[in-house]
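**Q** Shown below is the structure under consideration.
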Amino acid sequence: MSLITLTTDFGTKDHFVGAVKGAIHSELSDAKIVDITHEITPFNIAETAYIIKNSYKSFPEGTIHIVGVDSELSEDNKHIALALDGHYFICPDNGLICMITSDIKPTKIVEINIHDRVESSFPVLDVFVQVACFISRGGSLDVIGKEIKKYKQLIEIQPKVNQEQTKIIGGVIYIDNYGNIISNISRKMFTDIGKGRDYVVTASRYTFTKVFNKYNEVVDDGAKDKRQFDGNRLALFNSAGYLEIAIYRSNLKTVGGASTLLGLEYRDVISIEFLPPNTQEFKPI
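In this note's numbering, the protein residues as written are 3 to 287.
Printed below as a string of structure tokens:
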């Protein structure tokens with residue numbers, strides 16, 4: 003039997019998560035359910051996509067992922083089920099799929115049609131659970147709905163490159179538990195556009211001329227007391243392959259995180275400007 007994961011913005015105070023799990027077990031008494039998170043910032047599509055994209059690959063093929071963020075059905079926000087990279091996703095067509103599928107395209111997408119039989123203000127419980135359990139029992143996507151070829155694209159959450167290929171303009175899509183700031187600029191984009199050129203990363207009024215691969219690379223190996231580097235700001239490519247602005251060994255209760263210390267929030271701009279060869283001094287444009 004397939005694993006079923008849950009990703010929502012429901013939080014854990016209310017009954018919603020428990021009700022969804024109860025409904026799954028009522029359909030499949032021996033279902034295996036895994037919570038990815040229920041602490042998505044309400045209605046935050048970019049944050050949802052980032053978390054799903056960087057978690058689903060850790061699950062075995064055949065896993066069914068229920069995504070309940072901004073899931074109320076409307077003419078502009080239909081419900082879809084899709085097969086992607088050996089996994090199944092049941093979610094609203096609100097733009098989150100365009101981030102998940104930036105590298106891998108779905109093999110099949112259907113628009114869920116059981117709404118003709120179910121009127122609901124809680125579609126994750128009344129619709130998504132039914133679809134997930136049907137798939138888990140071996141059901142085909144073709145029975146769930148009509149195949150579609152297109153899904154909603156959210157251009158504003160994708161990084162942009164200027165015409166001269168000298169600048170990537172991205173933005174903050176997620177702030178993690180440590181207050182670190184994750185952008186939508188991937189290492190691949192950085193490498194493809196940069197082509198080995200020197201660069202300057204700009205976030206708010208702060209600039210970085212080096213991007214690390216690990217947090218502790220900011221520490222001087224010859225330092226007698228490495229604690230002196232606590233609170234230093236740095237840029238790195240994180241384990242998910244995205245440009246991150248961080249505070250070394252940050253603690254939100256003491257030192258603070260990059261978000262608060264640098265004054266950056268969701269959708270704020272982070273950019274990388276690539277310098278011409280033999281540039282001696284960087285002058286912001």
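For each residue, glycine too, the CB sits at the ideal point set by N, CA and C.
Less than 9 Å between the C-beta atoms of Ala-83 and Leu-143, yes or no?
**A** Taking the sequence shown and counting its residues from 1, one reaches residue 83 at position 81. Taking the sequence shown and counting its residues from 1, one reaches residue 143 at position 141. It is a contact, given that the beta carbons lie within the stated cut-off.
**Q** Do Thr-7 and Ile-66 have their C-beta atoms within less than 9 Å of each other?
**A** Within the sequence shown, residue 7 is the residue found at index 5, counting from 1. Within the sequence shown, residue 66 is the residue found at index 64, counting from 1. A contact, by the Cβ cut-off of 9 Å.
**Q** What does Gly-172 pair with, by DSSP beta-bridge criteria?
**A** The residue given as residue 172 occupies position 170 in the sequence shown. Ile-272, per the DSSP bridge assignment.
**Q** Alpha carbon to alpha carbon, what distance is there between Gln-132 and Ile-47?
**A** For the purposes of this step, residue 47 is identified with residue 45 of the sequence shown, where counting begins at 1. For the purposes of this step, residue 132 is identified with residue 130 of the sequence shown, where counting begins at 1. Going by the C-alpha atoms only, they are around 23 Å apart.
**Q** Looking at Phe-61: is its Cβ nearer than 9 Å to the Cβ of Leu-5?
**A** Numbered from 1 along the sequence shown, position 59 holds the residue referred to as residue 61. Numbered from 1 along the sequence shown, position 3 holds the residue referred to as residue 5. Going by C-beta atoms, Phe-61 is nearer than 9 Å to Leu-5.
**Q** Taking the alpha carbon of Gly-233 as the reference point, which residue from Pro-44, Asp-270, Gly-258, Thr-14 has its own alpha carbon closest?
**A** Start at 1 with the first residue of the sequence shown, and residue 233 comes out as number 231. Ranking Pro-44, Asp-270, Gly-258, Thr-14 by Cα distance to Gly-233 puts Gly-258 first.
**Q** Does the structure place the stretch 16-29 close enough to the stretch 148-158 that three or more beta carbon pairs sit under 8 Å?
**A** no
**Q** Hey, could you find the ends of the alpha helix (DSSP H) His-27 is sitting in?
**A** On the sequence shown, residue 27 is found 25 positions in, with the first residue counted as 1. Taken as a continuous stretch (DSSP letters only), the alpha helix (DSSP H) holding His-27 covers 18-29.
**Q** Tell whether a beta-carbon distance below 9 Å holds between Ile-146 and Asn-115.
**A** In the sequence shown, the residue the question calls residue 146 occupies position 144. In the sequence shown, the residue the question calls residue 115 occupies position 113. Cβ atoms of Ile-146 and Asn-115: closer than 9 Å.
**Q** Whole angstroms is fine: what's the gap from Ser-123's alpha carbon to Glu-74's?
**A** Translated into the one-based positions of the sequence shown, residue 123 becomes position 121. Translated into the one-based positions of the sequence shown, residue 74 becomes position 72. When rounded, the distance between both Cα atoms is 7 Å.
**Q** Would you give the residue range spanned by the alpha helix (DSSP H) that Gly-196 belongs to?
**A** On the sequence shown, position 194 is the one that residue 196 refers to. Where Gly-196 is concerned, the enclosing alpha helix (DSSP H) stretches over 189-196.
**Q** If distances are taken between C-alpha atoms only, which option among Asn-96, Glu-29, Glu-77 comes closest to Thr-50?
**A** Reading the sequence shown from its first residue, position 48 is the one you call residue 50. Checking every option, the nearest Cα to that of Thr-50 belongs to Asn-96.
**Q** Buried or exposed, going by whether 16 or more other CB atoms sit within 10 Å of the CB of Phe-45?
**A** Start at 1 with the first residue of the sequence shown, and residue 45 comes out as number 43. That one is exposed.
**Q** Which residues does DSSP pair with Asn-79 in a beta bridge?
**A** Indexing the sequence shown from 1 puts residue 79 at position 77. According to DSSP, Asn-79 bridges with Ser-76.
**Q** Evaluate Glu-166 with the Cβ neighbour count: other Cβ atoms within 10 Å of its Cβ, from every protein chain shown; 16 or more gives buried, anything less gives exposed.
**A** As a working mapping, residue 166 is identified with position 164 in the sequence shown. Taking all protein chains in view, the Cβ of Glu-166 is surrounded by fewer than 16 other Cβ atoms within 10 Å, so the residue is classified as exposed.
**Q** Between the stretch 191-203 and the stretch 267-275, are three or more C-beta pairs nearer than 8 Å?
**A** yes
**Q** Whole angstroms are fine: how far does the CA of Tyr-244 sit from the CA of Thr-14?
**A** Indexing the sequence shown from 1 puts residue 14 at position 12. Indexing the sequence shown from 1 puts residue 244 at position 242. About 29 Å.
**Q** Measure the alpha-carbon distance for Phe-239 versus Val-213 and round it to whole angstroms.
**A** As a first step, residue 239 is located in the sequence shown; it is residue number 237 there, counting from the start. As a first step, residue 213 is located in the sequence shown; it is residue number 211 there, counting from the start. If I take the Cα positions, the gap works out to 7 Å.
**Q** Quick check: what's the CA-CA separation for Lys-110 versus Glu-219?
**A** Stepping through the sequence shown from its first residue, residue 110 is reached at position 108. Stepping through the sequence shown from its first residue, residue 219 is reached at position 217. Rounded to whole angstroms, the gap between the alpha carbons of Lys-110 and Glu-219 is 43 Å.
**Q** Relative to the C-alpha of Ser-138, which residue among Gly-24, Glu-29, Lys-197 is closest?
**A** Residue mapping note: residue 138 aligns to position 136 of the sequence shown, counting from 1. Considering only alpha carbons, the answer is Glu-29.
**Q** Measure from the alpha carbon of Gly-172 to the alpha carbon of each residue in Asn-179, Ser-241, Ala-242, Glu-246, then state which is nearest.
**A** By one-based count along the sequence shown, residue 172 stands at place 170. Of the candidates Asn-179, Ser-241, Ala-242, Glu-246, Glu-246 places its Cα closest to the Cα of Gly-172.
**Q** Just how far apart, CA to CA, sit Ile-42 and Ala-134?
**A** Locating residue 42 in the sequence shown gives position 40, counting from the first residue. Locating residue 134 in the sequence shown gives position 132, counting from the first residue. Taking the straight line from one Cα to the other gives about 21 Å.
**Q** What's the C-alpha gap between Ile-54 and His-89?
**A** For this step, residue 54 is matched to residue 52 along the sequence shown. For this step, residue 89 is matched to residue 87 along the sequence shown. Approximately 12 Å between the Cα atoms of the pair.
**Q** Could you give the distance in angstroms between the alpha-carbon of Gly-141 and the alpha-carbon of Ser-31?
**A** The residue labelled residue 141 in the question sits at position 139 within the sequence shown. The residue labelled residue 31 in the question sits at position 29 within the sequence shown. Straight through space, the alpha carbons of Ser-31 and Gly-141 are spaced by roughly 17 Å.
**Q** Consult DSSP for Lys-148 and reduce its assignment to one of helix, strand or coil.
**A** As a working note, residue 148 is residue 146 in the sequence shown. Lys-148 falls in the strand class under three-state DSSP.
**Q** Which two residues bound the contiguous alpha helix (DSSP H) that contains Thr-2?
**A** There is no way to answer for residue 2, as the model of the chain reaches only from 3 to 287.
**Q** Indicate, with yes or no, if the ligand GTP has a heavy atom lying under 8 Å from the CB of Ile-247.
**A** With respect to small molecules bound, the structure shown includes none, and the ligand GTP cannot be examined in it.
**Q** If we cut at 9 Å on Cβ distances, does Gly-198 have a partner in chain C?
**A** No chain C appears in this structure, which consists of one protein chain only.
**Q** Is Lys-107 closer than 9 Å to Leu-127 when the C-beta atoms are compared?
**A** Taking the sequence shown and counting its residues from 1, one reaches residue 127 at position 125. Taking the sequence shown and counting its residues from 1, one reaches residue 107 at position 105. Cβ distance not < 9 Å, so Leu-127 and Lys-107 don't count as in contact.
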